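Structure, as structure tokens:
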Amino acid sequence: MTGGASDITGIEAIMRTAPVIPVLVIEDAAAAKPLAEALVRGGLRVLEVTLRTGAALEAITEMKKVPGAIVGAGTVVNTQQFADVMDAGAEFIVSPGLTERLADPIIASGVPFLPGTATAGDIMRGLDLGLEHFKFFPAETSGGLKALKALAAPFYQAKFCPTGGITLATAPDWLAFDRILCVGGSWITPKGASVEQVEQLAREAAALAR
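This is the structure:
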């Protein structure tokens, strides 16, 4: 990882930085920096900006200005988006699924990569590519914690960040499974929340035991 605002390197180190990675949908780039500051103050340094809005690339650039923030791009689904987020300064890449066409250039670049998986075939494909860290997505609708435990059993080397439908109330159950290094959550930045509310939600999330 190059050009980052921190000394955290490697996807495992990033995943172990905090128990929750906020999954962020930024509609207005002007709100990105204050939002990142609130999350970092609350103890959540790793921030995933999803490419679901036209403001996402500028939001990544703005959030990177916040000391201590580790800013990555989520919902990366093709090589052009990968190039775009790297130009914006993304420090890690998260994808909802796993294809060799997307994975090959990301792996070659050396940037930390967390691809989405939901099946044994997905994980096997990732292992073949030399990957051992995966997003489990969509977590709840893919069978929840029970499904991930069953799925993880044959793949002793795989570690996970489940994302999708997880809440403050359910996160501790997920984090109690030793193959889970962190969870992704959108509940930390509810629509219409003030920066003070986001900071408080971040504090609650950062305090979750793993």
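Residues in the sequence shown are numbered from 117 upward in steps of one, following my numbering.
Think of the CB as a built atom: it goes at the ideal place given N, C-alpha and C, for glycine as much as any other residue.
These numbers come from a predicted model, not from an experiment.
* **Short Cβ contact (8 Å threshold) for V210 with V193** => In the sequence shown, the residue the question calls residue 210 occupies position 94. In the sequence shown, the residue the question calls residue 193 occupies position 77. Going by C-beta atoms, V210 is not nearer than 8 Å to V193.
* Asked: Mapping DSSP to helix, strand and coil, what is M131?
  -> Residue 131 sits at position 15 when you count from the first residue of the sequence shown. Three-state DSSP puts M131 in a helix.
* At least 3 beta-carbon pairs within less than 8 Å: the stretch 146-158 vs the stretch 317-325 -> yes
* Ranges of the beta strand (DSSP E) found wholly within the stretch 225-298, counting only runs of at least 3 -> 229-233, 249-252 and 275-278
* Could you please give me the residues that DSSP links to P183 through a beta bridge? => The residue labelled residue 183 in the question sits at position 67 within the sequence shown. Answer is none; P183 lacks a bridge partner.
* **Per-residue burial, T235 [other beta carbons within 10 Å of its own, 16 or more giving buried]** => On the sequence shown, position 119 is the one that residue 235 refers to. It counts as exposed.
* To do: Measure from the alpha carbon of P221 to the alpha carbon of each residue in T233, Q196 and G232, then state which is nearest.
  => In the sequence shown, counting from the first residue as 1, residue 221 sits at position 105. Among T233, Q196 and G232, the Cα nearest to that of P221 is on Q196.
* Under three-state DSSP, which class holds L163? -> Reading the sequence shown from its first residue, position 47 is the one you call residue 163. The answer is strand: DSSP assigns L163 an E or B state.
* **Whole-number beta carbon distance between I176 and G205, since they are thought to touch under 8 Å** => The residue labelled residue 205 in the question sits at position 89 within the sequence shown. The residue labelled residue 176 in the question sits at position 60 within the sequence shown. With 8 Å as the limit, G205 and I176 qualify as a contact, their Cβ atoms being about 6 Å apart.
* When you compare each of P138, V182 and I137 to E153 by their alpha carbons, which one comes out closest? -> In the sequence shown, counting from the first residue as 1, residue 153 sits at position 37. It is V182.
* According to DSSP, which residues form a beta bridge with I222? -> To locate residue 222, count along the sequence shown from 1; it is residue 106. In the DSSP output, where bridge partners are listed per residue, I222 has none listed.
* Compute the distance between the beta-carbons of F276 and I296, then report whether it is under 8 Å. => Within the sequence shown, numbered from 1, the residue matching residue 276 stands at position 160. Within the sequence shown, numbered from 1, the residue matching residue 296 stands at position 180. Contact: yes.
* Asked: Among the residues of its own chain, which have a CB less than 8 Å from the CB of E143, if the five just before and after it don't count?
  -> Taking the sequence shown and counting its residues from 1, one reaches residue 143 at position 27. Closer than 8 Å at Cβ, skipping near neighbours: T169 and A171.
* **Secondary structure of L214, DSSP reduced to three states** => Position 98 of the sequence shown, counting from 1, holds the residue named residue 214. Coil.
* Give every residue of the same chain whose Cβ lies closer than 8 Å to the Cβ of G246, excluding the five residues on either side of it in the sequence, and list them in chain order. => Stepping through the sequence shown from its first residue, residue 246 is reached at position 130. Contacts found: I223.
* Simplified DSSP state of P306, which is helix, strand or coil -> Against the sequence shown, residue 306 aligns to sequence position 190. Coil.
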